[in-house]
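Encoded as structure tokens, the structure appears first; notes follow it.
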Ligand SMILES: [Mn+2]
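Residue numbers (our numbering): -19 to 327.
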């Protein structure tokens, strides 16, 4: 499958337009180079340069290891990214170097790498973001030094209407995973009462995400409003949960239900995304009934491929049924949650 060949590897500067961290745009020159390799992915061939470059200094894992990881979880990462605008968290020199939060597709993409044009009111302009339709595009993004994939909660066909409601359980600094578990169980109880199926995954950090497929019928503001109404209900039932907006006002022992992750242009690492952590933790789909036993630190780019081979993608059925937000929006009205502001329109 992998053929080592000699290739020249001229440094090709990437386009950092809309990069959130321009420090990453400074190339590090004159690195010793190992020969590039070519990876066959479906019908495509992806050239991977500097495959032996160490991306994770603590474990010694290389860019090649990262490629192998994403190949191993291929159907899972593609399901999580399919047709979604995707922001890339790139580490051109591995974790030891700067991190680049990149919206616009890096330059030099082959013609089979697809994109979606987005409007960014903040910048008053558009950008073409990566839009994954097949695994080769994921591997190409890794070639472009992407470690983390942060897709939108909407898809190319209806960019302004999310089809994913994201329940983001964020532990404050003094909260442990046991507290995350308690809040997650209450969240599930409320979802059950709404007859909504939520798909849990570790965040790859200390938290947990629960994803819900929704009809792409509402704008970001309404989805966020529904998410807040849900979060308030969980907060009422569980003393460990908070929806307090200002971080400084939050109890550091609590779990913040970050409803704002449903706002336009807010993204979080998707299922099967490796995180830029020293141990290469992975945002990993989990069974509800393993939640009480698992330690999210056990899910890494070294361990998740075997789990994926054993269990398959625990989010495989997420696209089968889409749910509605009507009841949550009724709760939002009942609770006096202020109406969503209209999204800024394209000038
Ligand atoms: Mn989070």
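Ideal Cβ placement from N, Cα and C applies to all residues, glycine included.
These numbers come from a predicted model, not from an experiment.
What residue does the beta strand (DSSP E) around residue i start on, and which one ends it?
i: residue 274; result: Note, residue 274: premise wrong, no beta strand (DSSP E); not H, not E.
i: residue 355; result: This structure does not reach residue 355, given that the chain is present from -19 up to 327, and the question cannot be answered.
i: residue 37; result: From DSSP, residue 37 is part of no beta strand (DSSP E); its letter is neither H nor E.
i: residue 295; result: No beta strand (DSSP E) contains residue 295, which DSSP labels as neither H nor E.
To which residues does DSSP link residue i through a beta bridge?
i: residue 213; result: Bridge partners of residue 213: none, in fact.
i: residue 145; result: 192
i: residue 20; result: 25
i: residue 74; result: 72
i: residue 65; result: 111
i: residue 223; result: According to DSSP, residue 223 bridges with nothing at all.
i: residue 151; result: 235
i: residue 126; result: 70
i: residue 246; result: Its beta-bridge partners do not exist; DSSP assigns none.
i: residue 135; result: 138
i: residue 326; result: Bridge partners of residue 326: none, in fact.
i: residue 280; result: 261
i: residue 105; result: 100
i: residue 254; result: 262
Along the chain, where does the alpha helix (DSSP H) that runs through residue i open and close?
i: residue 172; result: 157 to 173
i: residue 119; result: 115 to 123
i: residue 82; result: Unbroken run through residue 82 is the beta strand (DSSP E), 80 to 82; no alpha helix (DSSP H).
i: residue 356; result: The chain is shown from -19 up to 327; residue 356 falls before or after that span and cannot be answered.
i: residue 306; result: 306 to 314
Is DSSP giving residue i helix, strand or coil here?
i: residue 57; result: helix
i: residue 202; result: helix
i: residue 233; result: coil
i: residue 99; result: strand
i: residue -8; result: With a pLDDT of only 31 at residue -8, under 50, the local geometry of the prediction cannot be trusted, and the value read off the model is given with reservation. Residue -8: coil per DSSP, three-state reduction.
i: residue 239; result: helix
i: residue 50; result: helix
i: residue 44; result: helix
i: residue 181; result: strand
i: residue 269; result: helix
i: residue 207; result: helix
For residue i, which residues from the same chain have a beta carbon less than 7 Å from its beta carbon, with the 5 sequence-adjacent residues on both sides left out?
i: residue 53; result: 252, 284, 285 and 288
i: residue 23; result: none
i: residue 280; result: 259, 260, 261 and 262
i: residue 247; result: 67, 130, 131 and 132
Sorted by chain position, which residues of the same chain lie with C-beta nearer than 6 Å to residue i's C-beta, five sequence neighbours on each side aside?
i: residue 202; result: 320
i: residue 120; result: 26 and 93
i: residue 154; result: 232 and 233
i: residue 295; result: 179, 251 and 265
i: residue 0; result: For residue 0, the predicted model reports a pLDDT of 39, less than 50, meaning its position is unreliable; a value from the coordinates is still stated below. Correct list, in chain order: 81.
Can you round the beta-carbon distance between residue i and residue j to whole angstroms, since I take them to be within the 8 Å contact cut?
i: residue 64; j: residue 135; result: 5 Å
i: residue 157; j: residue 61; result: The pair is not a contact, with the Cβ atoms about 27 Å apart (cut-off 8 Å).
i: residue 140; j: residue 187; result: The pair is not a contact, with the Cβ atoms about 27 Å apart (cut-off 8 Å).
i: residue 127; j: residue 118; result: With a Cβ gap of about 12 Å, residue 127 and residue 118 do not count as contacting.
i: residue 209; j: residue 145; result: Between residue 145 and residue 209 the Cβ distance is about 11 Å, and since that is not below 8 Å, they are no contact.
i: residue 398; j: residue 164; result: Given a span of -19 to 327 for the chain in the structure shown, any question on residue 398 remains unanswerable.
i: residue 237; j: residue 211; result: 4 Å
i: residue 193; j: residue 125; result: Between residue 125 and residue 193 the Cβ distance is about 31 Å, and since that is not below 8 Å, they are no contact.
Could you tell me if the beta carbon of residue i falls within a distance shorter than 8 Å of some heavy atom in ligand 2?
i: residue 148; result: No copy of ligand 2 appears in this structure; the ligands present are ligand 1.
Which same chain residues, not among the five before or five after residue i, have their C-beta less than 8 Å away from its C-beta?
i: residue 307; result: 174
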